[in-house]
Amino acid sequence: MKQARFAVLAVFGLCASAQAQDASESAAPTPFAVSKSAQLLTGDTWRDGDHLFRLYGVQSCLRGTSAEQPNGNKLDCGNISLAHLAALFDSAAVTCQPIGYALDKAAFVVCGAQLNGDTIDVGTALIATGYAFAATTAKGKAVNENYLVAEINAKMKRAGLWGTTFQHPVQLLLNKRSERQE
């Protein structure tokens, strides 16, 4: 029994050593503060200088699509998402961690905002308030399951855009993908 435990510990030790070596060989991207001069493009994407950034796992409402309020007033759904990202960026210090790249060379980032002494996940904040949605893979699976839970809760509470009538951006994008494949 002692030999089996020793063998397991030895394997864990080798794995940890290999992971540490891999981490030191490829330095992780450095977290950065979102500049107040960043140009917001959509409710999930912005440009800062020559760099394009996109919130990982977040899908904003698409610009040019409508959100109809209960009183019949129609608004641009994408502009609503954009306004809420702008308000969050304006009211909090936001720091992001690059985690990969999109096909259009945008850096996927996960961001935290400092609000009232707490750090909140920007994606969760936008989705939980109903102004963004959980992004999916091409097959319709949520990229981040926590974001899907936040979206379902916002929908149940009729928070944000869920209190209007709108075309869900993920469904629109999935429909476009399937049309291109036909």
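If you count by mature numbering (1 follows the signal peptide of the UniProt record, and there is no 0), then the sequence shown holds residues -20 to -1, 1 to 162, one letter each, in order. Where a beta carbon is used, it is the ideal one built from N, C-alpha and C, also for glycine.
Query: Measuring straight from C-alpha to C-alpha, what distance separates threonine 22 and leucine 152?; Result: 16 Å
Query: Which partner residues does glycine 80 have in the DSSP bridge list?; Result: Phe88
Query: Can you tell me where the alpha helix (DSSP H) with alanine 114 in it begins and where it stops?; Result: Alanine 114 -> not in any alpha helix (DSSP H); beta strand (DSSP E) instead, spanning 112 to 114.
Query: Is the stretch 14 to 30 close to the stretch 117 to 129, with three or more CB pairs under 8 Å?; Result: no
Query: Pairing CB atoms from the stretch 106 to 122 with CB atoms from the stretch 86 to 95, are three or more of them under 8 Å?; Result: no
Query: If I measure Cβ to Cβ from lysine 54 and keep anything under 8 Å in the same chain, skipping five residues before and after, which residues do I get?; Result: Ser46, Ala47 and Glu48
Query: Look up aspartate 98 in the DSSP assignment and give the residues it is bridged to.; Result: Leu95
Query: Could you tell me if threonine 149 is buried or exposed, where buried requires 16 or more neighbouring beta carbons within 10 angstroms of its beta carbon?; Result: The question names threonine, yet the displayed sequence has proline at residue 149. Looking at its Cβ environment, which holds 16 or more other Cβ atoms inside 10 Å, proline 149 is buried.
Query: Please state whether the Cβ-Cβ distance between valine 102 and leucine 20 is less than 8 Å.; Result: no
Query: Within a Cβ cutoff of 7 Å, which residues of the same chain sit near glycine 140, ignoring the five residues on either side of it in sequence?; Result: Thr109, Gly110, Tyr111 and Ala134
Query: Let me make sure I understand the geometry here. Which of Glu131, Pro9, Asp56 and Ala82 has the alpha-carbon closest to that of alanine 105?; Result: Glu131
Query: Mind checking who valine 38 pairs with in its DSSP beta bridge?; Result: Ala114
Query: Looking at the unbroken alpha helix (DSSP H) that takes in serine 71, where does it start and where does it end?; Result: 57 to 71
Query: Taking all protein chains shown into account, do 16 or more other C-beta atoms lie within 10 angstroms of the C-beta of serine 15, making it buried, or fewer, making it exposed?; Result: exposed
Query: Excluding five sequence neighbours on each side, which residues of the same chain lie with their C-beta closer than 7 Å to the C-beta of tryptophan 142?; Result: Gly110, Ala134 and Lys135
Query: Note down the Cα distance separating leucine 42 from glycine 97, rounded to an integer number of angstroms.; Result: 32 Å
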